[in-house]
Every structure is written in C-alpha cells, then in structure tokens.
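Chemist: Let me give you the structure first, and then I'll get to my questions.
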Amino acid sequence: MASLPDHIGLDFGNHSVKAVQLRDISRNPSLVAFASQPTPIGVINSEDESHQAQLADALRVLYEDGGFRTRNVVAALPEFSIFTRFLEFPGVKESELEDAIHWQAKQVVPIPMSEIQMSWILLGRDESKNAYRVLLVAAPRKLIDLYVKIVQMAKLDLVAIETEAIAAGRSVYRSANVSDAVILDLGSQSTDMGIMVGGELLFSQSIAVGSDSLTRAIASEFSFEYNQAEEYKRNYGIDPSQLEGKIYQVLKPVVDSVIAEIRRGIEFFKTRTLKSAPDQFLLIGDGSLLPGLVVYLSQELMANVQLADPWNGIKIDKKQEAILSKGRSAYAVAVGLALKAE
108 MASLPDHIGL
118 DFGNHSVKAV
128 QLRDISRNPS
138 LVAFASQPTP
148 IGVINSEDES
158 HQAQLADALR
168 VLYEDGGFRT
178 RNVVAALPEF
188 SIFTRFLEFP
198 GVKESELEDA
208 IHWQAKQVVP
218 IPMSEIQMSW
228 ILLGRDESKN
238 AYRVLLVAAP
248 RKLIDLYVKI
258 VQMAKLDLVA
268 IETEAIAAGR
278 SVYRSANVSD
288 AVILDLGSQS
298 TDMGIMVGGE
308 LLFSQSIAVG
318 SDSLTRAIAS
328 EFSFEYNQAE
338 EYKRNYGIDP
348 SQLEGKIYQV
358 LKPVVDSVIA
368 EIRRGIEFFK
378 TRTLKSAPDQ
388 FLLIGDGSLL
398 PGLVVYLSQE
408 LMANVQLADP
418 WNGIKIDKKQ
428 EAILSKGRSA
438 YAVAVGLALK
448 AE
C-alpha cells in the first residue's frame, strides 16, 4: 500500500470535531497541532445541504484556529453507520480469497452491494483450521460521498477514510503497548466497542446508548434544563458518594443497560471466533471522563478498566500538555487517524 502524505486526523462527533496533526509518525511522533470545535446541533450525517454547510463552516474554523501545516486530512466514519464482521475462510486458497470475500459479503452485509463501499483487512491465517482470517468493513456509499463533500466544502483534501474503531485500536496499540483489550468509545449518541486481540481489531459493535442518554435521564428526573443536567452529569457522574447518591441512582440503570450490551457483545465474540475475550478494558471518548465510571465498570465487569491515554509516547510541548490535561482520552480516534501511515 502507498504511504500517506503528512495529514490531519479528523474525528467528527455529535458534540465536537477534533483534529490532530503529528510529525515523524513512524519513528518518534510529536504533536504539530490539535484543535476541537463544537459541532452544530443535528448536522452529523445529515443530507440537508444547510446542515452540511454548517459542518463545513465548523471545519474551516477548526482548521484556521488550529495552526495546522497541511490541508490533507484522514477522516473517520461514525461506527454506528458502518458494518464490520470477522470472517474465516477454511480451505480457501490465497488466489481465491478475494472472490470468496465478495461472495460472503453478499450474505452478511444488510445493504445491497451496489450501495456500499467495501474493504477488508487480512488478519493472517489460522493454521489449525487452514483458514484465512479477514475483517470485512462496509460503508454506505452515500455516507462516504457526504464526508468527501463536506471536507471539500471546507477547502481541505481527503486522502483516506476509515472507521473509528480501527483508528482507536491503532492509537491504543501504539500508545499503551497493549495488544489485547476491549476498547469502549463513549460518545454522545452511542457507545462503540472494539475487541482487539494480538494488536488486530477482530470485532466491533455500536451500542445505541451514549452520554446524552445520561443527561436526558437527569433532566427528566429533576425537571432540569438540558444544560443544567449536563453540568450535574459532568460534576457528579456515577459516584454514589456525591449528592447522597441521587445522581448515581438516576444514571445507574442507563449505564447498566450499556454493560448488558457489552456482555452480550463479548459472548457473541467468543462464540464467533472461539477466542477468549481480553480482560482489560480501555475507555476513550468524551463520555469516558464521567466521574466514577472507571470504578463502576471495574466492579460490574470484574475486569481491569482504565482510561486510555492516546498521547503516551508522543512528544508534546508544555503549553500543549496543559491544554490537553483534562481530556486526553477524548482524542483517541483523532490521534489514531493521525498515526495512519498507509
């Protein structure tokens, strides 16, 4: 595969667009620039041209304020819009693999083949089964066209595109030197789970509950305005020692619903791949900063749960470090995109 030029990793989120540019990514990466810009409400994945223009405007402001030194970008597609599947092909020769993948994709992808852009990553062979192992990735063409259009409207050049889970896996593998982990990306609209084994992403799924669900639960219970509920969530989180446990009791059922889906996803992974799931969980995304979340997940999942630090091993000057100090894990996808080499 061809090497990518110097580029910016661009992560589109419902609440913010984040961007990171690194230099010398193959040897000794250092931070050139990073920035975050609020996302206009309701514009992500919208086919409304006025929404697309608003998102392009936000992207232009992000670029102009960030001090970036290239107009090339690598962007991530939202995980909830992507179909991924781990596949094995026992008895299939390497020369037959591409045809076998396309045939299997027709059976498992729930969108007509004419409407998707498909790619696949060869994960190696399972010699005991005489089987090639592949991660299939399929995205709606109209979604890809949408992001190409928005980047072009912002006068930037899109040089590559991939999924959030693959980018997050790259940043975790590179920064934490962890090859086996369950990665939980806690976004505003969804919680995305990726399972990485041997440094390879073997499974991903999107759970349709995100941090906005927590805010709405608080707003509903206490008749708060949304912004007030958001403030209570960020300040007190799922910590039973705060406010006599009142916020904890409201948030607990919502978090428990996510945990139930995580457990189902892990069981599906084990059944499908016949592999043990990692017992280390790494949290990324804005929602990972919820007070008390690491402790609560550790107890409920009976596992080692930590905040990921995608910046570990990246040279950052003191001024940049001070700005990043409170939200390091939120940049995992953007850092992973910035680390993409080919």
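Numbering (the numbering used here), first residue to last: 108 to 449.
C-beta: ideal position from N, C-alpha, C; glycine also.
Just so you know, these numbers come straight off a predicted model, no measurement behind them.
1. My assumption, with CB atoms under 8 Å, is that D189 sits in contact with V244. Please give the rounded CB distance.
2. How should D393 be labelled, buried or exposed, when 16 other C-beta atoms within 10 angstroms of its C-beta is the threshold for buried?
3. By DSSP's criteria, P247 is part of a beta bridge. Which residues make up the other side?
4. So, does the segment 138-145 touch the segment 171-184, judging by three or more C-beta pairs under 8 Å?
5. Hey, out of I273, V241, L230, E156, whose CA is closest to M260's CA?
6. In whole angstroms, give me the CA-to-CA distance for R178 and R167.
7. Measuring only the C-alpha atoms, how far is I115 from P247?
8. For the alpha helix (DSSP H) containing A267, name the first residue and the last one.
9. Once DSSP output is grouped into helix, strand and coil, what is the label at R370?
10. How would you label Y239, buried or exposed, when you count the other beta carbons within 10 angstroms and need 16 or more for buried?
11. Identify whether V150 lies in helix, strand or coil by the three-state DSSP scheme.
12. Excluding the 5 residues flanking R323 on each side, which residues of the same chain have their C-beta closer than 7 Å to its C-beta?
13. When you compare the CB positions of L111 and K447, do they come within less than 9 Å of one another, or not?
14. Taking all protein chains shown into account, decide if F329 is buried (16 or more other Cβ within 10 angstroms of its Cβ) or exposed.
15. Of the residues S137, N121, G120, which one's Cα is nearest the Cα of D113?
16. Is the beta carbon of F388 closer than 9 Å to that of A288?
17. Check Q312 in the structure and name its three-state DSSP category.
18. For A326 versus S297, is the C-beta spacing smaller than 9 Å?
19. Quick check: L242 and L308, are their CB atoms within less than 9 Å of each other?
20. Which term fits D131, buried or exposed, when burial requires 16 or more other beta carbons within 10 angstroms of its beta carbon?
21. Got a sec, what are the start and stop residues for the alpha helix (DSSP H) T322 sits in?
22. Given a cut-off of 9 Å on the beta-carbon distance, is the pair L169 and P147 in contact?
23. If you draw a straight line from the C-alpha of Y280 to the C-alpha of S286, how long is it?
24. If we ignore side chains and look at the alpha-carbon of each, how far apart do N342 and V401 end up?
25. Does DSSP put G443 in a helix, in a strand, or in coil?
26. Could you work out which residue in P347, R379, E368 is closest to L358 when comparing CA atoms only?
27. In terms of residue numbering, what span does the alpha helix (DSSP H) encompassing N342 cover?
28. If I measure Cβ to Cβ from I76 and keep anything under 7 Å in the same chain, skipping five residues before and after, which residues do I get?
29. For R192, list the residues DSSP reports as bridge partners.
30. Which residue marks the beginning of the alpha helix (DSSP H) containing G450, and which one marks its end?
31. May I have the straight-line CA-CA distance separating W227 from A415, to the nearest angstrom?
32. Can you tell me which of S295, L444, S405, A275 puts its alpha carbon nearest to the alpha carbon of M303?
Modeler: Let me spell this out:
1. As written in the sequence, residue 189 is Ile, which differs from the Asp given in the question. With 8 Å as the limit, I189 and V244 qualify as a contact, their Cβ atoms being about 7 Å apart.
2. Burial check for D393: the Cβ neighbour count within 10 Å reaches 16 or more, so the residue is buried.
3. Bridge partners of P247: I223.
4. Here the segment 138-145 lies against the segment 171-184, with 3 or more beta-carbon pairs under 8 Å apart.
5. Here the closest residue by C-alpha is E156.
6. Taking the straight line joining both Cα atoms gives about 11 Å.
7. Distance between the alpha carbons of I115 and P247 is about 23 Å.
8. Element bounds for A267: not the alpha helix (DSSP H) but the beta strand (DSSP E), 264-270.
9. Correct three-state label for R370: helix.
10. If you draw a 10 Å sphere on the C-beta of Y239, you find 16 or more other C-beta atoms in it, and that means buried.
11. For V150, the secondary structure class from DSSP, reduced to helix, strand or coil, is coil.
12. Excluding positions up to five away in sequence, the list is empty.
13. Going by C-beta atoms, L111 is nearer than 9 Å to K447.
14. F329 is exposed by the Cβ-count criterion.
15. Checked all of S137, N121, G120; the closest Cα to D113 is S137.
16. Yes; because the gap between Cβ atoms is below 9 Å, this pair is in contact.
17. Three-state result, Q312: strand.
18. In this structure, A326 keeps its C-beta atom at 9 Å or more from the C-beta atom of S297.
19. For L242 and L308, yes; Cβs fall inside 9 Å.
20. So D131 ends up on the exposed side.
21. Where T322 is concerned, the enclosing alpha helix (DSSP H) starts and stops at 318-329.
22. Cβ distance not < 9 Å, so L169 and P147 don't count as in contact.
23. Each residue's Cα considered, the two are about 6 Å apart.
24. Going from the Cα of N342 to the Cα of V401 covers about 15 Å.
25. Three-state result, G443: helix.
26. It is P347 whose Cα lies nearest to the Cα of L358.
27. For N342, the enclosing alpha helix (DSSP H) covers residues 333-343.
28. Residue 76 is absent from the model: the chain starts at 108 and stops at 449.
29. R192 is bridged to L243.
30. Within the shown structure, residues of the chain are numbered from 108 to 449, placing residue 450 beyond reach of any answer.
31. In this model, W227 and A415 are separated by some 27 Å (Cα to Cα).
32. The closest CA to that of M303, considering only S295, L444, S405, A275, is found on A275.
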